[in-house]
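Shown next, in structure tokens, is the structure this report addresses.
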Amino acid sequence: MNTSTPQCAFIGLGAMGIHMAKHIHNHLVQSGHPPLLVYNRTRARGESLASEVPGLQVADSLQQVAQTADVIFTCLLNDAAVSQVITDLLSAGLKEDAIIVEQSTIAPTVTKELAAKVNKESKAHYIACPIMGPPPKAAAAQLIVLAAGPQNVRDKVLPLLVPAIGPKAIQLGDDPVQALHMKLTGNFFVTSLVEMLGEGMTLGQASGVGQDKVKELLDALFPGTLIPQYADRIVRNTYKDQIFFPLSSARKDATHIKNLGNSVNAKLPITDIFLDHLNSVQESEGDLDISGVVVASRKAAGLNEDGSKP
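Residue numbers are given in full-length UniProt numbering: position 56 of the sequence shown equals residue 56, and the series is strictly consecutive.
So this is what it looks like as structure tokens:
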């Protein structure tokens, strides 16, 4: 591995990855590194990004990524996609001392399996660096990086991520699994916050106070936090046309949270309620934004889906 100017690659140009790849590429170029190499299952998405970002390179295959890159960032939809991509990279033959930087939200057990697989089947390294923040934060390079893996490997990778995709990294030790424990703990707060707001905004609306007045109170009490941001989405009912965190992804994460809680005997009743509401809303309304869970509370209170009174 060329430690001074490593060739970096990014796999997965979804709602988060497309912004992260752009910022990493710009940081690399400004630092005198080779341009970023990107790969996406749908090549057109990579070509579209390359047309907007001067110098960005599009890989033809995972084999090209494996045999070319010193540092490979992956940000993918779910456990199955991550497992398949890393298996394919290993089959293609990773470079000696290459580093896989896995940034998806997956089950800690899968992280443990993949780290062991990389260590057993190659001379490469594996660290977990999931990120906290929605797509707008990714676009603004305001993500929080959660990093775990061997210290010497983290030391090589984190300067490529901070401040490129965000201002802060929280380091969680040598075991990659701990980064996923932190990620799921963080997502517990996000999912619980959305559930709390759904219930509280509905309480204000159904009791006659009005959800707009509840939002005014939240703006004053919690300025600059996620609370007014999600309250605004609920008041404006943007959950159908502004999908930052789809219910399908929220269900995946909440299920991982619940499984983690069960594994350490931590009771998470809020997560159980959130999942019940999420499932009922997705079944009746489709794959809305996470803020759409408010629909379950509204319907239970006798309100219309949009919060208005019948």
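We treat Cβ as the ideally placed atom computed from N, Cα and C, and that holds for glycine. Computed from a predicted structure; not experimentally measured.
Is there contact between the stretch 170-178 and the stretch 138-151, where contact requires at least three CB pairs shorter than 8 Å? yes
Would you kindly work out how many angstroms separate the C-alpha atoms of Leu197 and Ala59, rounded to a whole number? For the purposes of this step, residue 197 is identified with residue 197 of the sequence shown, where counting begins at 1. For the purposes of this step, residue 59 is identified with residue 59 of the sequence shown, where counting begins at 1. Distance between the alpha carbons of Leu197 and Ala59: 43 Å.
Ala69 versus Thr111: straight-line alpha-carbon distance, rounded: Residue mapping note: residue 69 aligns to position 69 of the sequence shown, counting from 1. Residue mapping note: residue 111 aligns to position 111 of the sequence shown, counting from 1. One alpha carbon belongs to Ala69, the other to Thr111, and they sit about 21 Å apart.
Quick one: grab the DSSP three-state call for Thr105. Within the sequence shown, numbered from 1, the residue matching residue 105 stands at position 105. The answer is coil: DSSP assigns Thr105 none of H, G, I, E or B.
Measuring only the C-alpha atoms, how far is Lys137 from Leu143? Taking the first residue of the sequence shown as 1, we reach residue 137 at position 137. Taking the first residue of the sequence shown as 1, we reach residue 143 at position 143. Going by the C-alpha atoms only, they are around 6 Å apart.
Can you round the beta-carbon distance between Ser104 and Val82 to whole angstroms, since I take them to be within the 8 Å contact cut? Locating residue 104 in the sequence shown gives position 104, counting from the first residue. Locating residue 82 in the sequence shown gives position 82, counting from the first residue. Ser104 to Val82, Cβ: 5 Å. Contact.
Buried or exposed: where does Arg236 fall if 16 or more other Cβ atoms within 10 Å of its Cβ makes it buried? Start at 1 with the first residue of the sequence shown, and residue 236 comes out as number 236. Per the 10 Å Cβ criterion, exposed.
Just the C-alpha distance for Met201 and Ile234, rounded to the nearest angstrom, thanks. Within the sequence shown, the letter at position 201 stands for residue 201. Within the sequence shown, the letter at position 234 stands for residue 234. Cα to Cα, the separation comes out at about 8 Å.
Outcome for Asn187 when other beta-carbon atoms lying within 10 angstroms are tallied against a minimum of 16: Here residue 187 refers to the residue found at position 187 of the sequence shown. Under this definition Asn187 is a buried residue.
Looking at the secondary structure, which residues open and close the alpha helix (DSSP H) in which residue 340 lies? The structure shown does not extend to residue 340, since the chain is modelled only from 1 to 310, so the question has no answer here.
Just to confirm, is the Cβ distance from Gly133 to Leu76 under 9 Å? Within the sequence shown, the letter at position 133 stands for residue 133. Within the sequence shown, the letter at position 76 stands for residue 76. Going by C-beta atoms, Gly133 is not nearer than 9 Å to Leu76.
In the DSSP assignment, what are the bridge partners of Gln57? Your numbering for residue 57 matches position 57 in the sequence shown. Looking at the DSSP assignment, Gln57 forms a beta bridge with Leu37.
Hey, would you say Leu193 sits closer than 9 Å to Tyr230, going by beta carbons? Start at 1 with the first residue of the sequence shown, and residue 193 comes out as number 193. Start at 1 with the first residue of the sequence shown, and residue 230 comes out as number 230. Yes; because the gap between Cβ atoms is below 9 Å, this pair is in contact.
If you follow the alpha helix (DSSP H) that residue 327 is in, where does it begin and where does it stop? The first residue shown for the chain is 1 and the last is 310, placing residue 327 beyond what the model contains.
Continuous beta strand (DSSP E) assignments of at least 3 residues falling wholly in the stretch 46-98: 71-74
Report the rounded CA-to-CA distance for Asn259 versus Met20, giving the unit in angstroms. Counting from 1 along the sequence shown, the entry for residue 259 is found at position 259. Counting from 1 along the sequence shown, the entry for residue 20 is found at position 20. Rounded to whole angstroms, Asn259 to Met20 spans 29 Å at the Cα level.
Between which two residues does the beta strand (DSSP E) harbouring Leu303 extend? Here residue 303 refers to the residue found at position 303 when the sequence shown is read from its first residue. First-last for Leu303: undefined, no H or E at that position.
Find the nearest neighbour of Ala98 within the set Asn119, Gln84 and Thr109, judged by alpha-carbon distance. Working through the sequence shown from its first residue, we reach residue 98 at position 98. Of Asn119, Gln84 and Thr109, the residue nearest in Cα terms is Asn119.
Would Phe189 be called buried (16 or more neighbouring beta carbons within 10 Å of its own) or exposed? Residue mapping note: residue 189 aligns to position 189 of the sequence shown, counting from 1. It is exposed - the Cβ of Phe189 has fewer than 16 other Cβ atoms within 10 Å.
Delimiting residues of the alpha helix (DSSP H) encompassing Leu146: As a first step, residue 146 must be located in the sequence shown, where it is residue number 146. It is not in any alpha helix (DSSP H) - Leu146 instead sits in the beta strand (DSSP E) that spans Ile144 to Ala147.
Tell me whether Asp289 sits in a helix, a strand or coil according to DSSP, three-state version. Taking the first residue of the sequence shown as 1, we reach residue 289 at position 289. Asp289: strand per DSSP, three-state reduction.
Option in Asp155, Gly32, Lys117 and Ile257 with minimal Cα separation from Cys129: Position 129 of the sequence shown holds residue 129. Measuring from the Cα of Cys129, the nearest candidate turns out to be Asp155.
Using C-beta distances below 8 Å, list every residue in its chain close to Ser248, excluding the 5 sequence neighbours before and after it, in chain order. The residue given as residue 248 occupies position 248 in the sequence shown. Correct list, in chain order: Gln282 and Asp287.
How far does the alpha helix (DSSP H) with Lys137 in it reach, from first residue to last? Start at 1 with the first residue of the sequence shown, and residue 137 comes out as number 137. Unbroken alpha helix (DSSP H) run through Lys137: Pro135 to Ala139.
Return helix, strand or coil for Met132, following the three-state DSSP convention. In the sequence shown, residue 132 corresponds to position 132, counting from 1. DSSP places Met132 in strand when its eight states are reduced to three.
Ends of the beta strand (DSSP E) at Ala169? Residue mapping note: residue 169 aligns to position 169 of the sequence shown, counting from 1. Where Ala169 is concerned, the enclosing beta strand (DSSP E) stretches over Lys168 to Gln171.
Outcome for Leu213 when other beta-carbon atoms lying within 10 angstroms are tallied against a minimum of 16: By 1-based counting over the sequence shown, the position of residue 213 is 213. Sequence inspection shows Lys at residue 213; the Leu mentioned does not correspond to that position. Counting Cβ neighbours within 10 Å, Lys213 comes out exposed, since fewer than 16 surround it.
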